[in-house]
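The block underneath contains the structure these notes are about, expressed in C-alpha cells.
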Amino acid sequence: MRVVIAEDSVLLREGLTRLLTDRGHEVVAGVGDAEALLKVIGELAADGALPDVVVADVRMPPTHTDEGVRAAVRLRREHPGVGVLVLSQYVEEQYATELLAASSRGVGYLLKDRVAEVREFVDAVVRVAAGGTALDPEVVAQLLGRSRKQDVLANLTPREREVLGLMAEGRTNSAIARQLVVSDGAVEKHVSNIFLKLGLSPSDGDHRRVLAVLTYLKS
C-alpha cells in the first residue's frame, strides 16, 4: 500500500509514517499543509504514480480551520480512485457530507481522540485504500442527525418554508401576512401546518414557535 500523509504536526506525521512503514506499507510523501498535499498529488499523478490512499488532517496551515478536509474533498473529485482517510478532532458535518456525497467507496473519517488502538487505525487505512469505508460512529451519528433535520424541513411546502423563514426573522403572523400579501388566516394555517409537520404538538404551547425557528436555524 502506497500512502501520502498530510499532517502539520511533525511528531504526529512521523509517528504515522513509522506505524505504517513498520507494517510493510510505503509512505511516498509526508507534507504539512493542504497546498503541499495538492501539489504532491499533482506531481504523482503526472508521473502515473498516484498513492493508494491519502491520510489527511482536517485543520492545517495557514488558518488551521478546514484546509485539510477541503483538500480531501477536492482530491475525491479529481482522483476518485485514491482513497481518502480524514483525521480530525471534530466532526465537520458539511465537509464530511461532501466527502460521502458522490460515493462512500474509499473514504474514511476518524476522530483522533477515539482511535484507541494502532491496529485499528492501520486496518482503517488499509480498508480505505482497498475501496472500503472507515467512519467513526460519532461521525455517523452526527450526519444522521443532520439528515433527519433536513428531511423534516423537506416535508414543508415552498410557501411554508417561506413563512418559517420570516418567523426566524422574528416577524409576527400579521407582519408575515403583510409581507406575503395574504390574509392573517392564511398565515395562521401555514403556521399550524408547519407545527404539525415538525412534530410540535399543542402541548408545547407558545414554545412551538421558538422550537420551529430553532429547527429551521439548525438545518
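Under this note's numbering, the residues of the sequence shown are numbered 117 to 335, in order.
Beta carbons are placed, not taken as given, at the ideal position from N, Cα and C, and that holds for glycine.
Checklist entry - Exposed or buried, which one is Glu236 when buried takes at least 16 other CB atoms within 10 Å? => result exposed
Checklist entry - Can you round the beta-carbon distance between Val189 and Leu215 to whole angstroms, since I take them to be within the 8 Å contact cut? => result 6 Å
Item to check | Minimum C-alpha distance to Leu136 - residue among Pro318, Arg118, Asp124 | outcome: Arg118
Next on the checklist: Using 8 Å for Cβ pairs, my map puts Glu183 next to Ala150. What's the rounded Cβ distance?
Outcome noted: 4 Å
Checklist entry - In whole angstroms, what separates the C-alpha of Ser308 from that of Ala328? => result 11 Å
Checklist entry - Whose C-beta lies closer than 6 Å to the C-beta of Glu142 among residues of the same chain, with five residues either side of it excluded? => result Arg118
Checklist entry - Quick one: what's got a C-beta closer than 6 Å to Arg221's C-beta in the same chain, skipping five residues either side? => result Gly247
Checklist entry - What is the rounded straight-line gap between the Cα of Ala270 and the Cα of Ala250? => result A direct Cα-to-Cα measurement between Ala270 and Ala250 gives close to 29 Å.
Item to check | Identified DSSP bridge partners for Thr249 | outcome: Val223
Item to check | Between the CA atoms of Arg230 and Val200 - distance to the nearest angstrom | outcome: 18 Å
Checklist entry - Roughly how many angstroms separate the alpha carbons of Val297 and Leu282, rounded to a whole number? => result The alpha-carbon atoms of Val297 and Leu282 are separated by roughly 13 Å.
Next on the checklist: Relative to the C-alpha of Met176, which candidate in Ser125, Pro196, Arg134, Leu272 has its C-alpha closest?
Outcome noted: Ser125
Item to check | Exposed unless 16 or more other CB atoms sit within 10 angstroms - verdict on Asp252 | outcome: buried
Checklist entry - Cβ atoms of Ala187 and Leu166: under 9 Å apart, would you say? => result No, the pair does not count as a contact, with Cβ atoms beyond the cut-off.
Next on the checklist: Please report the straight-line C-alpha distance between Tyr225 and Ser299, rounded to a whole angstrom.
Outcome noted: 50 Å
Item to check | Proximal residues to Arg294 (C-beta, below 7 Å), its chain only, five neighbours per side dropped | outcome: none
Item to check | Contact under 9 Å by Cβ, Val326 with Val303 | outcome: no
Checklist entry - According to DSSP, which residues form a beta bridge with Leu201? => result Val171, Gly224
Checklist entry - Residues in its own chain within less than 8 Å of Glu254 by CB, not counting five upstream and five downstream? => result Val207, Leu227, Arg230.
Checklist entry - What distance in whole Å lies between the Cβ atoms of Leu132 and Val171, which are believed to be in contact at a cut-off of 8 Å? => result 6 Å
Next on the checklist: Just list the residues that DSSP pairs Ile121 with in beta bridges.
Outcome noted: Bridge partners of Ile121: Gly146, Val171.
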